[in-house]
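One point on numbering: in the UniProt record's numbering, the residue at position 144 of the sequence shown is 144, and numbering is uninterrupted. Don't be surprised by glycine CBs; every beta carbon is placed ideally from N, CA and C. The structure under discussion appears below in the form of structure tokens.
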Amino acid sequence: MNTAATATMTPQATDAAAALTAAGVSYEEYLTGVDAVPGIFAVAADDAAIAQLGLDAVAFEDNLLYVGAAPTSLLGRDVRGHFHSGRTESSTLRRSLAALLFDELDLALVPRSPGSRTVKFALTPDAEDRLTAWMKEHLTVSTVAVDAGDVHAVVGEVVDELEPPLNLKGVAHPWEALIEKRRRLTAEARPSATL
1 MNTAATATMT
11 PQATDAAAAL
21 TAAGVSYEEY
31 LTGVDAVPGI
41 FAVAADDAAI
51 AQLGLDAVAF
61 EDNLLYVGAA
71 PTSLLGRDVR
81 GHFHSGRTES
91 STLRRSLAAL
101 LFDELDLALV
111 PRSPGSRTVK
121 FALTPDAEDR
131 LTAWMKEHLT
141 VSTVAVDAGD
151 VHAVVGEVVD
161 ELEPPLNLKG
171 VAHPWEALIE
181 KRRRLTAEAR
191 PSATL
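Have a look at this one:
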């Protein structure tokens, strides 16, 4: 962590950042071990995944990819939705991973109607399953309980401090290459209205 920035963080955010950068657990262990309380979660990757994602040349802490808020429950849909097939369109984490692994996992997009106004893309069912299997093999989850009223403020401080590469909002310098890849897939999923 950046010690200069850490000095300006609240003690609660400093403790949360330390807890989230500690070793995480597999998704299956997370499901059986987490309490149904409000909090913050982080998703980290193993070294093989970092290389597959093209992140080995990007500077960030402890292989931590993404930090998110679970203002209602750490066992609720805020975390679980990221690890479930069929949820790519509604999960920023899954869309980012899909963009980075598109060729590697031979993923396929769900075509959109001509002139569709959606700003997101979705994957075919087989592609969803391949992405989910990859996530469960290579990613871990860490959590920290935070009072519901403090979740968004604390997650904002933690994201600002740790700058996980797959967080595109709330970071000073979002990873432009990822943003471009996500835009390209969204455009590919939406055929021209003139076709």
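For A18, the enclosing alpha helix (DSSP H) has its first and last residue at P11 to L20. DSSP places F83 within a helical segment (H, G or I) once states are collapsed to three. DSSP places G33 in the helix class (H, G or I) of the three-state scheme.
One thing to note: A70 has its Cβ within 7 angstroms of the Cβ of V79.
Judged by beta-carbon spacing, P164 lies beyond the 7 angstroms limit of W175, meaning their Cβ atoms are not closer than that value. In the structure shown, the three-state DSSP call for S73 is coil. The stretch 85 to 93 makes contact with the stretch 129 to 141: 3 or more CB pairs, one atom from each, lie closer than 8 angstroms.
Classified as exposed, R184 has fewer than 16 neighbouring CB atoms from the shown chains inside 10 Å of its CB.
The secondary-structure analysis by DSSP pairs S142 across a beta bridge with A42.
Contact between V151 and P38 holds, with the beta-carbon distance rounding to 5 angstroms and staying under 8 angstroms. With contacts defined as CB atoms closer than 7 angstroms, V158 and A16 qualify as a contacting pair. In this model, L168 and I179 are separated by some 8 angstroms (Cα to Cα).
V110 carries a coil assignment under DSSP once its states are collapsed to helix, strand and coil. When DSSP states are grouped into helix, strand and coil, L178 belongs to the helix group.
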